[in-house]
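To keep things clear, I will list the structure first and then write my remarks on it.
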Amino acid sequence: MSTQQNDFTKWYIDTIQKADLMDYTPVRGCIAFKPDGYEIWEHIQDEMNKRFKETGHRNAYFPMLIPESFFEKEKDHIEGFAPELPWVTEAAGEKLEERLALRPTSETMIGHLYSNWIKSYRDLPVLINQWANVFRWEKKTLPFIRTSEFLWQEGHTAHVDEEEARKETMQMLNIYKEVIEELLAIPVYDGEKTPSERFAGAVDTFSVEAMMKDGKAVQAGTSHYLGTKFAEAFDIKYLNKENKHQHAHTTSWGTSTRLIGSVIMVHGDEQGLVLPPRVAPTQVVLIPVGPWKKNPAIMEKLDELYAALKAKGIRVRLDDSDQSPGYKFNEWELKGVPVRVDLGPRDLENNQALIKVRDLADKESVELAVIVERIEEELKTMQTRLLETARAFRDQNSHLNVNSLEELKQHLADSTEKGSIPGWVLAGWCGDDACEENVKEETKFTTRNIPFNPPAEKATCINCGKESKHTVWFARSY
Ligand SMILES: [Zn+2]
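For reference, each letter of the sequence shown is one residue, going 1 to 478 in the numbering used here.
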């Protein structure tokens, strides 16, 4: 059995398979989401949809196949995505006149349609989100984190001017930050991407970045201000109040099923998954123990408790299978179920049950009379505790005293020697692409983002030592 310490990737793959979240398929890089994996996504969708709709957005759906000519209209966009596109070249036994790409993202199709839908300032803003699958033919894949087909949401909006579009870009980034922190208990740094890490075709890209337990970063969500680039490429124009034609300013923003992978990599432990209660498919599992089959009162009590929890809207399971209690404990622990309740004959005599919270070491006896309230409380406090624990871990592994490439190399050598994770490094950057590139080449540390609220300000560039323009997070990333 691989551990998080000796082989994090292997631990991750073993864990998600044993917890029954996904399966591989004969199509390379394309996974099946099993119900427990998919349900985590559904809880993310529910919360995102709630926030999107509160801020005036509506869902729509666009085709998966995109004509090749659409990609050629925006130069940066095609350059960015061309290497990863799968193509449909024939249908019904005949070669197609124009190749069709399986969408990697939908700016082009949506740009084409918005040019028909938007005629006047009265048609703006357009605030639309799509839930869909997208394709990026990846060479190296890792389930949920990087796959050739994945699920995501992509918001596409059009506005009268830059000010409004930039406001939208920030609003959506902020929604991502809130949802990821509050629902997934993952702390993130919000900030701006450097030009080399920008979305292909964007004027500015902003991201939220999360630290996994192996110290690598995951870009958990992005929000792009596209300026008038796509509007010019696709002719999205409107008549303003002065009866003049103007290009709309557009945005796009997305999060994907890599959030599922992130939850596992941030909270999981050697025993398996640890799921934040708000996204756990099963929040509470009830397990009869001892000679419970000879004692019908135990199942009666558990049925009663099951109904009471269900009535409170808690996702509860009752495991009355033939397996031994020890087997069941391991199984539900592996699946990351937040709260386990054991009830045996002696507990019942004392009007008590045992509660075990997934991320705490000890079990505790709780009076049956107050157990429902107690479980509700445990779910709430576990949700908060997971965020605090993840934040403490991230801060512990964020290094603020690395100021040169030599120091970064020394830091990496030290962590290898100590067997500790290298984590993230906050460093200055002069703004020169070449400096960023050199750090990447020498250390595989890439710029994650320029955080809006860095824990410190750095005065000199990590690579060239000149005055820094930005304070940047550097890290290895997925
Ligand atoms: Zn520099």
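For every residue, glycine included, the Cβ atom is placed at its ideal position computed from N, Cα and C.
Inset, instruction - Using the Cα positions of residue 386 and residue 220, report the straight-line distance between them to the nearest angstrom. - result: Stepping through the sequence shown from its first residue, residue 386 is reached at position 386. Stepping through the sequence shown from its first residue, residue 220 is reached at position 220. Roughly 18 angstroms between the two C-alpha positions.
Inset, instruction - Apply the 10 Å Cβ neighbour rule to residue 434 and answer buried if 16 or more other Cβ atoms are within range, or exposed otherwise. - result: The residue given as residue 434 occupies position 434 in the sequence shown. It counts as exposed.
Inset, instruction - Out of 398, 106, 462, 258, point me to the one whose CA is closest to residue 68's CA. - result: As a working note, residue 68 is residue 68 in the sequence shown. Residue 106 is the option with its Cα nearest to residue 68.
Inset, instruction - Starting from residue 148, follow the alpha helix (DSSP H) in both directions and report where the run begins and ends. - result: Taking the first residue of the sequence shown as 1, we reach residue 148 at position 148. First-last for residue 148: undefined, no H or E at that position.
Inset, instruction - Just grab the DSSP bridge partners of residue 352 for me. - result: Translated into positions along the sequence shown, residue 352 becomes position 352. Beta-bridge pairing links residue 352 to 367.
Legend entry - Endpoints, alpha helix (DSSP H) assigned at residue 115: As a working note, residue 115 is residue 115 in the sequence shown. From DSSP, the alpha helix (DSSP H) with residue 115 extends over 107-117.
Inset, instruction - Can you tell me which of 423, 163, 464 puts its alpha carbon nearest to the alpha carbon of residue 474? - result: Locating residue 474 in the sequence shown gives position 474, where the first residue counts as 1. Comparing Cα positions, the closest option is 423.
Legend entry - Buried versus exposed call for residue 255 [16 or more other C-beta atoms within 10 Å across all chains shown]: As a position in the sequence shown, residue 255 is number 255, starting the count at 1. Result: buried.
Legend entry - Enclosing beta strand (DSSP E) for residue 222 [first to last residue]: For the purposes of this step, residue 222 is taken as the residue at position 222 of the sequence shown. Element bounds for residue 222: 217-227.
Legend entry - Top-ranked residue by Cα proximity to residue 37, from 448, 74, 282: Along the sequence shown, one-based indexing puts residue 37 at 37. Of 448, 74, 282, the residue nearest in Cα terms is 282.
Legend entry - Span separating the alpha-carbon of residue 160 from that of residue 109: As a first step, residue 160 must be located in the sequence shown, where it is residue number 160. As a first step, residue 109 must be located in the sequence shown, where it is residue number 109. Rounded to whole angstroms, residue 160 to residue 109 spans 20 angstroms at the Cα level.
Legend entry - N-terminal and C-terminal residue of the alpha helix (DSSP H) that residue 340 is part of: Taking the sequence shown and counting its residues from 1, one reaches residue 340 at position 340. Note, residue 340: premise wrong, no alpha helix (DSSP H); beta strand (DSSP E) at 339-343.
Inset, instruction - Give the range of the beta strand (DSSP E) segment to which residue 253 is assigned. - result: The residue given as residue 253 occupies position 253 in the sequence shown. Its beta strand (DSSP E) spans residues 249-256.
Inset, instruction - Could you tell me whether the Cβ atoms of residue 141 and residue 29 are closer together than 8 angstroms? - result: Mapped onto the sequence shown, residue 141 falls at position 141. Mapped onto the sequence shown, residue 29 falls at position 29. Against a cut-off of 8 angstroms, the Cβ pair of residue 29 and residue 141 comes out as a contact.
Inset, instruction - Under 5 angstroms from any heavy atom of ligand 1, by CB: list those residues in chain order, please. - result: 430, 432, 435, 461, 463, 464
Inset, instruction - Would you mind working out which of 228, 335, 61 sits nearest residue 17, comparing C-alpha positions? - result: Your numbering for residue 17 matches position 17 in the sequence shown. Considering only alpha carbons, the answer is 335.
Inset, instruction - Give the DSSP-derived three-state secondary structure of residue 269 in the structure shown. - result: Along the sequence shown, one-based indexing puts residue 269 at 269. In the structure shown, residue 269 sits in a strand (DSSP, three-state: E or B).
Inset, instruction - State the Cα-Cα distance for the pair residue 62 and residue 117, rounded to the nearest angstrom. - result: One-based indexing of the sequence shown puts residue 62 at position 62. One-based indexing of the sequence shown puts residue 117 at position 117. Spanning the two alpha carbons is a distance of roughly 14 angstroms.
Legend entry - Option in 148, 82, 154 with minimal Cα separation from residue 49: As a first step, residue 49 must be located in the sequence shown, where it is residue number 49. Answer by Cα proximity: 154.
Inset, instruction - Output the distance between the C-alpha atoms of residue 372 and residue 347, rounded to the nearest integer angstrom. - result: Counting from 1 along the sequence shown, the entry for residue 372 is found at position 372. Counting from 1 along the sequence shown, the entry for residue 347 is found at position 347. Approximately 16 angstroms between the Cα atoms of the pair.
Inset, instruction - Report yes if the CB atom of residue 453 is closer than 8 angstroms to the CB atom of residue 427, and no otherwise. - result: Translated into positions along the sequence shown, residue 453 becomes position 453. Translated into positions along the sequence shown, residue 427 becomes position 427. No, the Cβ-Cβ distance between residue 453 and residue 427 is not below 8 angstroms.
Legend entry - Nonlocal neighbours in the same chain, by C-beta distance under 7 angstroms from residue 365, ignoring five residues either side: Working through the sequence shown from its first residue, we reach residue 365 at position 365. Answer for residue 365: 352, 354, listed in chain order.
Legend entry - Straight-line gap, residue 130 to residue 201 (C-alpha atoms, nearest Å): Taking the first residue of the sequence shown as position 1, residue 130 is located at position 130. Taking the first residue of the sequence shown as position 1, residue 201 is located at position 201. Their backbone Cα atoms lie some 19 angstroms apart in a straight line.
Legend entry - Residue environment, residue 253, which counts as buried when at least 16 other CB atoms sit within 10 Å: In the sequence shown, counting from the first residue as 1, residue 253 sits at position 253. Answer is buried; the Cβ neighbour count reaches 16.
Legend entry - Sub-8 angstroms separation of residue 84 and residue 41 beta-carbons: Start at 1 with the first residue of the sequence shown, and residue 84 comes out as number 84. Start at 1 with the first residue of the sequence shown, and residue 41 comes out as number 41. No; because the gap between Cβ atoms is not below 8 angstroms, this pair is not in contact.
Legend entry - Cβ shell of residue 272 (< 8 angstroms), same chain only, five flanking positions each side left out: Here residue 272 refers to the residue found at position 272 when the sequence shown is read from its first residue. Here the set comprises 15, 18, 19, 333, 334, 335, 336.
Legend entry - Residue nearest to residue 395 in terms of C-alpha spacing, selected from 52, 115, 438, 189: Start at 1 with the first residue of the sequence shown, and residue 395 comes out as number 395. When each option's Cα is compared against that of residue 395, the closest is 189.
Legend entry - Beta-carbon contacts of residue 195 that lie in its chain and below 8 angstroms, excluding the five residues immediately before and after: Translated into the one-based positions of the sequence shown, residue 195 becomes position 195. Answer for residue 195: 433, listed in chain order.
Inset, instruction - Report the three-state DSSP secondary structure of residue 214 (helix, strand or coil). - result: For this step, residue 214 is matched to residue 214 along the sequence shown. Residue state, collapsed to three classes: coil.
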